[in-house]
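In mature numbering (1 follows the signal peptide of the UniProt record, and there is no 0), the protein residues as written are -19 to -1, 1 to 294.
Cβ atoms here follow ideal geometry from the backbone N, Cα and C, with glycine treated the same way.
Notes to accompany the following structure.
The structure is reproduced here in structure tokens:
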């Protein structure tokens, strides 16, 4: 019944909101075992991670299954590395494979990866002319019996390409919801990924990322996610994102300590560039010192509405 209701809602959504599908949004088109219009970590038709066709679909005949996989020792030897779990990775953009392997192999902690490093390795995402409101879709997230330490990341990156520069202007993430609601009953669930804008600069490219990272190299039993029916929703023109200029973060950039000039009693949530909660403060008193030790790009959400970008040097 839940599946029929979801299909019914999808059929009528275009009449309610402007909607745009990714190419092959339902993962129905495959060729030689490769999903069309989507890319992974691999080359010449060979995937380093597990990207496979699934007949367990929310609608239609097929969905896509994504999971980590151990890098074969033969390939690891050729590139002068030890074998490690290659993240399950799928995107609508093209992937700079050489750069990605160097980035993943050089990071002991994925939270150290900077957003500008990611967007410079992903190109040619979906061209857009309007401001997306959210991305929605159907998923199953299945954990293995053994605890293997996976991190599940579903993320949308909104990019502006102006004057030859790629600028990160918006972010959507559904990671926390998916990890906390691993489906054990065999039913598909629906995710909704609201887009948070960090600038008034128009976005002209949307990159959708699915990534499962595993830190256990002693097993081949990894978690997996099955995705189907991915859809972009656009605002009707009446919804506006708040970028309140009366709220100030300073100093910004900073070495670690900063303050927020805002209304007393505000609720503050600070996210890292992977959409994970780094710090949460309830009833914040304006100008109280705060600090973050790890260098990187962070997003400070005030009262679940206003979002400010914070750079820790």
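Reference residue i; option with closest CA among the options
i           : options               : result
residue 83  : 99, 212 and 257       : 99
residue 123 : 168, 20 and 149       : 168
residue 147 : 138, 154, 153 and 155 : 138
residue 15  : 28, 3, 4 and 7        : 28
residue 172 : 181, 214 and 31       : 214
residue 69  : 33, 55 and 103        : 33
residue 42  : 11, 273 and 243       : 11
residue 170 : 181, 176 and 155      : 155
residue 247 : 81, 48, 145 and 265   : 265
residue 133 : 257, 142 and 280      : 257
residue 145 : 101, 116 and 112      : 101
residue 8   : 263, 120 and 286      : 120
residue 112 : 142, 81, 151 and 262  : 151
Contact under 8 Å by Cβ, residue i with residue j
i           : j           : result
residue 249 : residue 228 : no
residue 140 : residue 184 : yes
residue 40  : residue 210 : yes
residue 278 : residue 290 : yes
residue 179 : residue 45  : no
residue 63  : residue 51  : no
residue 118 : residue 208 : yes
residue 107 : residue 22  : no
residue 270 : residue 294 : no
residue 19  : residue 79  : no
residue 3   : residue 189 : yes
residue 31  : residue 48  : yes
residue 182 : residue 153 : no
residue 272 : residue 237 : yes
residue 74  : residue 103 : yes
residue 202 : residue 125 : yes
residue 234 : residue 292 : yes
Secondary structure of residue i, DSSP reduced to three states
i           : result
residue 247 : strand
residue 54  : helix
residue 36  : coil
residue 190 : strand
residue 81  : helix
residue 293 : strand
residue 266 : coil
residue 273 : coil
residue 100 : helix
residue 106 : coil
residue 19  : coil
residue 179 : coil
residue 286 : coil
residue 210 : strand
residue 203 : coil
residue 30  : coil
residue 170 : strand
residue 228 : coil
residue 89  : Residue confidence for residue 89 is low, a pLDDT of 45 falling below 50, so the modelled location carries little weight; the figure read from the coordinates is stated next. Reduced to three states, the DSSP call for residue 89 is coil.
residue 113 : strand
residue -12 : Low per-residue confidence applies at residue -12: pLDDT is 33, beneath 50, and the placement is therefore not dependable, though the value from the model is reported in the following sentence. Residue -12 falls in the helix class under three-state DSSP.
residue 219 : With a pLDDT of only 37 at residue 219, under the threshold of 50, the placement of this residue in the model should not be trusted, and no figure is reported.
residue 64  : coil
residue 121 : strand
residue 137 : strand
Integer Cβ distance of residue i from residue j, believed to fall under 8 Å
i           : j           : result
residue 66  : residue 195 : 4 Å
residue 135 : residue 191 : 6 Å
residue 239 : residue 252 : At roughly 15 Å, the Cβ-Cβ gap does not stay under 8 Å, so residue 239 and residue 252 are not in contact.
residue 212 : residue 6   : 6 Å
Short CB-CB distance (under 8 Å) between residue i and chain B
i           : result
residue 187 : Among the chains in the structure shown there is no chain B, since it carries only a single protein chain.
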